[in-house]
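Notes follow once the structure below has been shown.
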Amino acid sequence: MDGINFNLHTNDLFRIFGKLRDVHDKYTAYFRSKTRSAAAQSFKYIQGKFVKQERGNMTEYAKVVPDCNNQSLQNAISESPWDERPVIDQIQRDVTELIGDPVNGSIHVDESGFVKKGTESVGVKRQYCGRLGKVENCQVGVFLGYANGTYRTLIDEAIYLPNDWAVDWERREKCGVPGDVVFKTKAELALKMILHARDNGVPFGWIGMDSFYGEQPWLRNEIASEGMIYIADIPVNTRVWLNKPETGIPERKGDRGRIPTKEKVLEGEPDPIEVKKLKDQLEASEWSHVFVRDTERKEL
Numbered sequence: 001m002d003g004i005n006f007n008l009h010t011n012d013l014f015r016i017f018g019k020l021r022d023v024h025d026k027y028t029a030y031f032r033s034k035t036r037s038a039a040a041q042s043f044k045y046i047q048g049k050f051v052k053q054e055r056g057n058m059t060e061y062a063k064v065v066p067d068c069n070n071q072s073l074q075n076a077i078s079e080s081p082w083d084e085r086p087v088i089d090q091i092q093r094d095v096t097e098l099i100g101d102p103v104n105g106s107i108h109v110d111e112s113g114f115v116k117k118g119t120e121s122v123g124v125k126r127q128y129c130g131r132l133g134k135v136e137n138c139q140v141g142v143f144l145g146y147a148n149g150t151y152r153t154l155i156d157e158a159i160y161l162p163n164d165w166a167v168d169w170e171r172r173e174k175c176g177v178p179g180d181v182v183f184k185t186k187a188e189l190a191l192k193m194i195l196h197a198r199d200n201g202v203p204f205g206w207i208g209m210d211s212f213y214g215e216q217p218w219l220r221n222e223i224a225s226e227g228m229i230y231i232a233d234i235p236v237n238t239r240v241w242l243n244k245p246e247t248g249i250p251e252r253k254g255d256r257g258r259i260p261t262k263e264k265v266l267e268g269e270p271d272p273i274e275v276k277k278l279k280d281q282l283e284a285s286e287w288s289h290v291f292v293r294d295t296e297r298k299e300l
């Protein structure tokens, strides 16, 4: 296959490299432990990401990046105890400055699976991998994205630690899971990241979620209670009312049993309907198919 001609001059490449260096230099203070800086190795890691065209690891990066030692790179990225949270916070501040918009900006929650071999990568197990659409041995991360028009970027991340991992202290210690990490559902991780971004000053008009998150009422309620607007997919078998039904605490029937205390839909109100059946009640002019994007399985 013929290569793509980008019509770049050598000077253009040096200028791009310089801009990359400038961006990285803004973050060097965060790549520090108590005794040393991992900034030099972090820049070599970024170089490897750019130079290596196919997927690679740090061993492969060390082969193509000048003056790069595989062991030093591995230690800096995998073993050095620098804290990633200040890096995330700086990314969010930069995104706010460059593309932030309190009306047109939006935050998006999604997860992604990373197929793995073996059992020692943190959080790995046979679990649903959304990227493949099936159960696979993988790690799962929950991610927070930011979008404004044609601009988009990631602004936070969290690895999902399944409960059987969370309670296996021997395995946790072997794989370096911090002692203060506890089990949280993916939705709990998502809410924590949303609130952190808001508190960090990231401006947005609304939050987008797919049906995995949209089907969880508590999450929608928490977001709404914080005064934030969301647009969430829901499963097609979700039951809804076309008009808000009357609710209240029903009267006790007879003299036996517990006295009702929870608010419910009152008797005599119409039954809810599955959302997939709503289409049958609409005129053809009232709905349409919208192409979102291509996926690894089919068009969405």
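Just so we're aligned, residue 1 is where the sequence shown starts under UniProt numbering, counting upward by one.
For each residue, glycine too, the CB sits at the ideal point set by N, CA and C.
Bear in mind the structure is a predicted one, so any value in this text is a computation, not a measurement.
CB contact flag (residue i, residue j, <8 Å)
i, j, result
"Pro-217", "Pro-245", "no"
"Pro-162", "Gly-123", "yes"
"Asp-233", "Ala-197", "no"
"Thr-96", "Gly-201", "yes"
"Ile-91", "Gln-41", "no"
"Phe-31", "Trp-82", "yes"
"Ile-231", "Gly-205", "no"
"Pro-203", "Asp-294", "no"
"Lys-52", "Val-64", "yes"
"Pro-272", "Val-240", "yes"
"Gly-248", "Glu-263", "yes"
"Asn-148", "Ile-223", "no"
"Ala-158", "Leu-195", "no"
"Leu-191", "Leu-154", "no"
"Ala-29", "Ser-80", "no"
"Ile-107", "Tyr-146", "yes"
Where residue i falls: helix, strand or coil (DSSP)
i, result
"Ser-42", "helix"
"Trp-241", "coil"
"Asn-148", "strand"
"Lys-276", "helix"
"Val-265", "strand"
"residue 303", "Coverage of the chain is limited to positions 1 through 300, which leaves residue 303 absent and any answer about it impossible."
"Ile-259", "coil"
"Ile-16", "helix"
"Ile-231", "strand"
"Phe-6", "coil"
"His-24", "helix"
"Ser-225", "helix"
"Ser-288", "coil"
"Lys-253", "coil"
Identified DSSP bridge partners for residue i
i, result
"residue 301", "Nothing about residue 301 can be read from this structure; the chain reaches only from 1 to 300."
"Arg-32", "Ser-37"
"Glu-299", "Asp-294"
"Phe-143", "Asp-110 and Glu-157"
Own chain, CB closer than 6 Å to residue i, minus 5 neighbours either side, in chain order
i, result
"Phe-114", "Cys-138 and Gln-139"
"Met-193", "Leu-144 and Asp-156"
"Glu-54", "none"
"Gln-281", "none"
"Val-135", "Arg-126 and Tyr-128"
Close Cβ partners of residue i (< 8 Å) along its chain, the five nearest in sequence each way excluded
i, result
"Tyr-45", "Met-58, Tyr-61, Leu-73, Ala-76 and Ile-77"
"residue 317", "The question about residue 317 has no answer, for the chain in this structure spans 1 to 300."
"Glu-111", "Gly-130, Val-140, Gly-141, Val-142, Phe-143, Tyr-160, Lys-186 and Phe-212"
"Glu-296", "Arg-131, Leu-132 and Gly-133"
"Asp-164", "Lys-125"
Near the ligand FAD: residue i beta-carbon under 7 Å from a heavy atom
i, result
"Val-95", "The ligand FAD is absent from the structure shown, which contains no ligands of any kind."
Contact set for residue i: own chain, Cβ-Cβ below 7 Å, skip 5 residues either direction
i, result
"Asp-22", "none"
Segments assigned beta strand (DSSP E), at least 3 residues, entirely inside the region 54-127:
If we require 3 residues or more, the beta strand (DSSP E) runs fully inside the region 54-127 come out as 106-115.
Only counting runs of 3 or more residues, tell me where the beta strand (DSSP E) segments fall wholly within the region 152-219, in order along the chain.
Correct list: 206-209.
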